[in-house]
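2 protein chains.
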Amino acid sequence: MSGNWRPPSSTDVARAAGVSQSAVSRAFTPGARIAEATRARILEAAQALGYRPNLLPKILQTNRSGIVAVVVGGFYNPYFAMTLEAFSKALTAAGLQMMLVRVESDRILDGVVDQLAGYRVDAVVSALALTSQAAADQLSKLRIPIVTLNSDLAGDWIRSVSSDNFAAGEAAARLLRERGGTRFGFVAGPADSPAQVAREAGFAHGLATLGLPPATRAGGGYDYASGEQAARDLFSGAERPDALFCANDLAAFGVIDVLREDFGLSAPGDVLVVGFDNLDMAAWAPYRLTSFDQDVDAHVAVAMELLDLEAGATCVARTVPSRLVERESTRRG
Amino acid sequence: MSGNWRPPSSTDVARAAGVSQSAVSRAFTPGARIAEATRARILEAAQALGYRPNLLPKILQTNRSGIVAVVVGGFYNPYFAMTLEAFSKALTAAGLQMMLVRVESDRILDGVVDQLAGYRVDAVVSALALTSQAAADQLSKLRIPIVTLNSDLAGDWIRSVSSDNFAAGEAAARLLRERGGTRFGFVAGPADSPAQVAREAGFAHGLATLGLPPATRAGGGYDYASGEQAARDLFSGAERPDALFCANDLAAFGVIDVLREDFGLSAPGDVLVVGFDNLDMAAWAPYRLTSFDQDVDAHVAVAMELLDLEAGATCVARTVPSRLVERESTRRG
DNA sequence: ATGGCGAGTGAATAGCTATGCACACATTCG
DNA sequence: CGAATGTGTGCATAGCTATTCACTCGCCAT
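So the sequence lines, in the order shown, correspond to chains A and B. When we follow my numbering, the leftmost residue of the first sequence carries the number 2, and every step to the right adds one. When we follow my numbering, the leftmost residue of the second sequence carries the number 2, and every step to the right adds one.
Have a look at this one:
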């Protein structure tokens, strides 16, 4: 019997209140012309029936769902939590809802495009390290704006907002040099991440510009375990580095812990360490990690701005400066 | 000109392929009766136009959106990230989409109900510490199933799944006692969290059952800073505890860091510490924290199961056992 | 030869809301 | 007092898809 139950419709309310369906609609539309008495009677009937206007017909007509899809690859990195939090606030403030899509790989994103297009999402935000070009093209064809974070996609209807990863890499080189570093190491993120690539390139360029020897290299992931492994690799050899730039904080934590536990080394006592993301944890006592703050709020603000650029079918790329937050891990003595 | 652009509809495809709209619909409906040749011609035309079936009309008729709303209070706690990740996987596997809603307070949840109801979400999952009874009632009225996590809501169409918080509190008391604790302390979470209340009550009951003195108490939040403050409060007095049960891991980390930095105390050397949630970080070298694992996957599996209980208008509450993961922080000597 | 049958297709419709248009009525102004 | 203005309401429709119903056309069996 409850199998064919339906939520009350505006027609049901109209019948209950003895008015037409359009009157009900007007009662729920701010600024619509309706007598206050009628309106009150309708709201009363609606309340009694538990009526809520169905948003779908409106969407069907206007093709504006009020939904923005946010695509992420996983949540293990607190940086994504920060991004999600900021986006959530911004979207709510703009009266939009967030559809959260988690994809294992970019191949699967292609499959998800059908769904997103089917729900007529107003826009897609991709926090994926690597966003599928094919998927982006499909969305472009449907004129669904897409904003990528720290990616390097190109094409119509595609906007991107990134940190100044290259410049930050250079800045890291300068800082480590100033603080007394002589043998440099780089703890890498995943090779397919454009941010990782830019940070490493900037670091290398910074070292070269200062006339310093290139950095030894280890790692290959944005996670804690990658950092652990990188530290073991870098410090098992004879020529141990004394200044490290890590592709992100999570890896830096792994590095610092292994240095302390396995090698009895401390930061900054024996090794200078710089991270990236400025997670909350970077300020915690065991780490006090110098790190580049990506200014998530600014990223999101720019992203929201780019989403609003309805007309712009041209490719837009914006860069948000990151801010160096120096803590104990680079203060020697 | 692009102001009134509309994505291609099935009618557009039909025109292009020289068939009727129903044929197009059939071409995209698995198992529908259509000649293979026609189907191929339609798919070709659809491909050329970039057609994707609009899901909204179907939703309008069936009242099944394929969307589940997940309501959270924030993302600062990695525990929510774990939950979100697990839910995301489970929903994807079930062919559902996740609408993520972040609310500042439960009052705002009331306002959000209109939206959720308007989108005709199939169900609501609330990971809120405190879920508004009023909001839940509204959803019940619309026959939208609601599942709360670690909450103690009651009513029709409301299901809840919780950890065995009370039992875990008792277990914590037994463990700390066995490991040599004599003066006990409890680092509390927020007072309005049912999980916090149950954990504290279980701990108190456990201590009493063992004939031990009651625990001193500090804290009042699930975050790191709360833990820091709690440690300062608990260890500034003359009678310092030597065994702590923390309402969650994040607070426990704050406790451990302050003990080490400000008081020169170590866990487990000077103080035994038990946390709750078993975050990834609990295994990290500076902490090696004994913690109760809430088994997020099991929580989510049960939640998904409860969502499927379409018929059940009765209130269902399920408990998932948490698993004690013992690490160095409670191993003395 | 003819009734029956299955496959393939088109026409029509349900589902719900917002809104343009038309109409009825009241009020005000010349 | 007639006209004009304004207010409040109902009618009809668009928006898109899945699905039911009806129809046609081969084909087989009787």
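Just so you know, even glycine gets a beta-carbon here, dropped at the ideal spot from N, CA and C.
Query, Result
"Check whether B:N64 and B:R121 have beta carbons under 7 angstroms apart", "yes"
"Supposed close pair B:R233, B:V259 - CB separation, criterion 8 angstroms", "6 angstroms"
"First and last residue of the uninterrupted alpha helix (DSSP H) at B:Q48", "37-50"
"Any 3 or more C-beta pairs closer than 8 angstroms across the segment 81-92 of chain A and the segment 108-118 of chain A", "no"
"Segments assigned beta strand (DSSP E), at least 3 residues, entirely inside the segment 92-172 of chain A", "98-103, 124-127, 147-150, 159-164"
"Beta-carbon neighbours of A:E262, restricted to chain B and to distances below 7 angstroms", "A286"
"Exposure of B:S323, with buried meaning 16 or more beta-carbon neighbours within 10 Å", "buried"
"Between the CA atoms of B:P54 and B:A33 - distance to the nearest angstrom", "15 angstroms"
"Nonlocal neighbours in the same chain, by C-beta distance under 6 angstroms from A:A70, ignoring five residues either side", "M100, V102, L117, V122, V125"
"Beta-carbon gap between B:G67 and B:Q48 smaller than 7 angstroms", "no"
"Inter-stretch contact (C-beta, 8 angstroms, three-pair minimum) for the segment 10-22 of chain B and the segment 38-52 of chain B", "yes"
"Neighbour-count burial assignment, A:W6, 16 or more Cβ in a 10 Å radius", "exposed"
"Three CB pairs or more closer than 8 angstroms across the segment 136-143 of chain B and the segment 168-180 of chain B", "no"
"Inter-stretch contact at 8 angstroms, needing at least 3 Cβ pairs: the segment 173-189 of chain A / the segment 242-251 of chain B", "no"
"Beta-carbon proximity check, B:F293 vs B:F277, cutoff 7 angstroms", "yes"
"Minimum Cβ-Cβ distance from B:F76 to chain A less than 7 angstroms", "yes"
"Spatial distance of B:W285 from B:V321 (CA atoms)", "26 angstroms"
"Residue closest to A:R40, alpha-carbon to alpha-carbon, out of A:S23, A:L61, A:L56", "A:S23"
"Cα-Cα separation between A:K1 and B:L307, rounded to whole angstroms", "Nothing about residue 1 of chain A can be reported from this structure: the residues present for chain A run from 2 to 334 only."
"CB contact below 7 angstroms: A:M99 versus chain B", "yes"
"Cα-Cα separation, A:A299 to A:L85", "13 angstroms"
"Beta carbon of A:P9 nearer than 7 angstroms to that of A:L50", "yes"
"Exposure of B:P146, with buried meaning 16 or more beta-carbon neighbours within 10 Å", "buried"
"Per DSSP, the bridge partner or partners of A:T217", "A:G186"
"Nearest-angstrom beta carbon gap, A:L154 and A:D137 [assumed within contact, 8 angstroms]", "Per the sequence shown, the amino acid found at residue 137 of chain A is Ala instead of Asp. Going by Cβ atoms, the distance from A:A137 to A:L154 rounds to 6 angstroms, so yes, they are a contact pair."
"Neighbour flag for A:A174 against chain B, beta carbons, 7 angstroms", "no"
"Residues, ordered as in the chain, of the segment 83-95 of chain B that lie near chain A by beta-carbon distance below 8 angstroms", "M83, L85, E86, S89, K90, T93"
"Any chain A beta carbon closer than 7 angstroms to B:L56", "yes"
"For B:F76, three-class secondary structure by DSSP", "coil"
"Counterpart residues of B:V321 in DSSP-defined beta bridges", "B:S164"
"Where A:T291 sits in the DSSP three-state scheme", "strand"
"Extent of the continuous alpha helix (DSSP H) run through A:F204", "195-210"
"Contact set for B:A239: own chain, Cβ-Cβ below 8 angstroms, skip 5 residues either direction", "none"
"Check: B:R241 C-beta below 6 angstroms from any heavy atom of the ligand GDP", "Within the structure as shown, the ligand GDP is missing, as the structure has no ligands at all."
"Burial state of A:R160, where buried means 16 or more other Cβ atoms lie within 10 Å", "buried"
"Proximal chain A residues relative to B:A228, where beta-carbon distance stays under 9 angstroms", "Residue identity check: residue 228 of chain B is Gly in the sequence provided, not Ala. Neighbours of B:G228 on chain A: none; closest Cβ ~11 angstroms, over 9 angstroms."
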